[in-house]
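Protein sequence lines correspond, in order, to chains A and B. According to my numbering, the first sequence is numbered sequentially starting from 929. According to my numbering, the second sequence is numbered sequentially starting from 929.
There are 2 protein chains.
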Amino acid sequence: MKKIIKQYFNVAVSVDNVVFGFDADGLKVLLISRGSEPFPGSWALPGDLISPEMDLEYSAERVLKQLTGLDQLFMEQIQTFGRVDRHPFGRVFTIAYFALIKVEQYHPQASSWAKDVAWFKVTEIPTLPFDHREILEYARRELKNRIRTQTLVFELLPKYFTLTELQFIHESILEEEFDVRNFRKKTLSSGIIEETGKLQKNVTHRPAKLYRFNASKAKQLDFEGGIL
Amino acid sequence: MKKIIKQYFNVAVSVDNVVFGFDADGLKVLLISRGSEPFPGSWALPGDLISPEMDLEYSAERVLKQLTGLDQLFMEQIQTFGRVDRHPFGRVFTIAYFALIKVEQYHPQASSWAKDVAWFKVTEIPTLPFDHREILEYARRELKNRIRTQTLVFELLPKYFTLTELQFIHESILEEEFDVRNFRKKTLSSGIIEETGKLQKNVTHRPAKLYRFNASKAKQLDFEGGIL
DNA sequence: CAAATATATTGTAAAAAGTACAATAATTAG
DNA sequence: CTAATTATTGTACTTTTTACAATATATTTG
């Protein structure tokens, strides 16, 4: 028993969070500037070693909150990375999580050993330490899959949104373009998006109709997949 | 630094393998009879603590080989489970993997601390220790997803197979039934299954045509999804 | 106020895919 | 030869997907 402890109970586990944010500019990822070893000064995914006393799911939320102040996000596990040499301090397995938020509705603040926090467009990511680049790429692929099989997009939209915005999100995430007419036909026919009667304000062109996601209808229809 | 080691490098990581097997009887799972603490005598997923010196992917294969003799399987990671109290010896995170094989082509042999090894129909699983039941259920859901989005079924079939067998596999895994005519139309139209000109032998009824999976055609067509 | 600019909105026809449904064929066993 | 067993096949209908461009509504500019 002592032997077992010595032999096996000597590794560490961390979580790394890929927080995707969306605004008019497109899809972004939240990174922190590391203020401690290893790789101080480097931009990295907000992640940290986790303490043995906490459940895994809760640890992911807690680490994110400690480093960025973000709380109460809907986080999903994506994959565990366990290459032997991925961390210079020793054997560290890391479990990657991802979350999706509206950039304008949250105000991340660097704290704990995070010296700064900032959004980066997914197309302009700086060099990342550890295997964070690999984790991020995996998360992007996974995001594409899940956006097609879960009703996730509405996490990225304000309560009232235009169909153009809805289409822009899909195009940004999936990195492909859709025909406007077909996109509208398909999304509206899903039955989970409804007109509000309201119109866009303060735009310098024809104002678009505002729609809203009908969550209870979605539940009632047992609607699961993405809307495309 | 010393502090960090003491505070964080004191947990363990294990892998648990969900090996699905298929034969005329349907879908099965490979379990071992545990010959060591904790839960000796209990049937469980073949899994074990992993040593800090090995890459994660490789560990999964190695654990499986040690306990069951199975080697060279195509294994995929599914999910990590990290409830605080999931293991009585201390904090153990476990990373679940799954594999798919033809029952008749492998001959698992219990070794190391596994005292026995046996196939169990997925509908007749005994009580499992740890959170193995939860892991198994997760794996079954995941299998359904992946059978629809990856070209996995052929792992479960002999080189030459009948369309009836192909349909039976789908029905067993997805737990739903398909119309014979529509099933054949759809699978054949995928273009990745080809006639061999051969017929079933030694059957007591009209012999079925034997087909084969055309892997190079699949690659050429960049065929990715399941065939249903 | 007319024209320019910018974005929003809408329909239709053709093709492809999915669905529902049952009779006939080929083999062995008796 | 008959019964039993499983294999094989087609068609009409519905639904979904795809391709494609003209008109509408607002603001800004001259």
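All C-beta atoms, glycine included, are put in the ideal place defined by N, C-alpha and C.
With the criterion set as a beta carbon lying under 8 Å from some beta carbon of chain A, the members of the segment 981-1012 of chain B are 981, 982, 983, 984, 985, 987, 1005, 1007, 1008, 1009, 1010, 1011 and 1012, in sequence order.
Of B:1097, B:960 and B:1061, the smallest CA-CA separation from residue 1041 of chain B is found for B:960. Taking 9 Å as the Cβ-Cβ cut-off, the segment 1015-1026 of chain A approaches chain B at 1017, 1018, 1019, 1020, 1021 and 1023, given in chain order.
Membership of residue 1050 of chain A in any alpha helix (DSSP H) is not indicated, and neither H nor E is assigned to it by DSSP. Taken through DSSP and simplified to helix, strand or coil, residue 942 of chain A comes out as strand. At least one C-beta of chain A is nearer than 8 Å to the C-beta of residue 936 of chain B. In this chain, the alpha helix (DSSP H) harbouring residue 1108 of chain B covers 1108-1117.
Residue 1008 of chain A is bridged by DSSP to A:1023.
Between residue 972 of chain A and chain B, the shortest Cβ-Cβ separation is not below 8 Å.
Linking residue 1151 of chain A to residue 1114 of chain A through their CA atoms gives a straight-line distance of about 14 Å. Annotated as proximal: residue 1066 of chain A and residue 1006 of chain A, with beta-carbon spacing under 8 Å.
Within the same chain, Cβ atoms closer than 8 Å to the Cβ of residue 1016 of chain B are found at 966, the five residues on either side in sequence being excluded. For residue 940 of chain A, the neighbours in chain B by C-beta distance under 7 Å run, in chain order, 936, 937 and 939.
For the pair residue 1059 of chain A and residue 990 of chain A, the CB atoms are not nearer than the 8 Å cut-off.
In this structure, residue 1071 of chain B lies near residue 1101 of chain B, with their beta-carbon atoms less than 8 Å apart.
The three-state secondary structure of residue 1139 of chain A, taken from DSSP, is strand. Here residue 953 of chain B is exposed. Its C-beta has fewer than 16 other C-beta atoms within 10 Å. Look at residue 1102 of chain B: its C-beta is not under 8 Å from any C-beta on chain A.
The continuous beta strand (DSSP E) containing residue 960 of chain B extends over residues 954-962. Only exposed fits residue 1135 of chain B, as fewer than 16 other CB atoms lie within 10 angstroms of its CB.
Residues are counted here when their Cβ sits less than 7 Å from a Cβ of chain B; for the segment 1055-1067 of chain A the count is zero. The C-alpha of residue 1034 of chain A is placed about 23 Å away from the C-alpha of residue 1095 of chain A. The Cβ-Cβ distance between residue 1098 of chain B and residue 1089 of chain B does not fall below 8 Å. Every unbroken stretch of the alpha helix (DSSP H) spanning 4 or more residues and falling wholly within the segment 1035-1094 of chain B is given here in chain order: 1060-1077.
Taken in chain order, the members of the segment 954-979 of chain A whose beta-carbon sits within less than 9 Å of a beta-carbon on chain B are 965, 977, 978 and 979.
Closest in C-alpha terms to residue 1048 of chain A, from the list A:1140, A:1029, A:1011 and A:958, comes A:958.
Contact between residue 947 of chain B and residue 1064 of chain B fails: their C-beta atoms lie close to 11 Å from each other, not under 8 Å. Distances from the CA of residue 972 of chain B to each of B:980, B:1104, B:1056 and B:1029 were compared; the closest alpha carbon is that of B:1056. Of the candidates A:1046, A:1121, A:1139 and A:1122, A:1046 places its Cα closest to the Cα of residue 998 of chain A. The Cβ neighbour count for residue 956 of chain A, taken over all protein chains shown within 10 Å, is at least 16; the residue is labelled buried. Where residue 993 of chain A is concerned, the enclosing alpha helix (DSSP H) starts and stops at 984-996.
Going by beta carbons, residue 936 of chain A and residue 977 of chain B fall inside the 8 Å limit.
Looking at the backbone, the Cα of residue 939 of chain B and that of residue 938 of chain A are separated by about 6 Å. The bridge partners DSSP lists for residue 1123 of chain A are A:1139.
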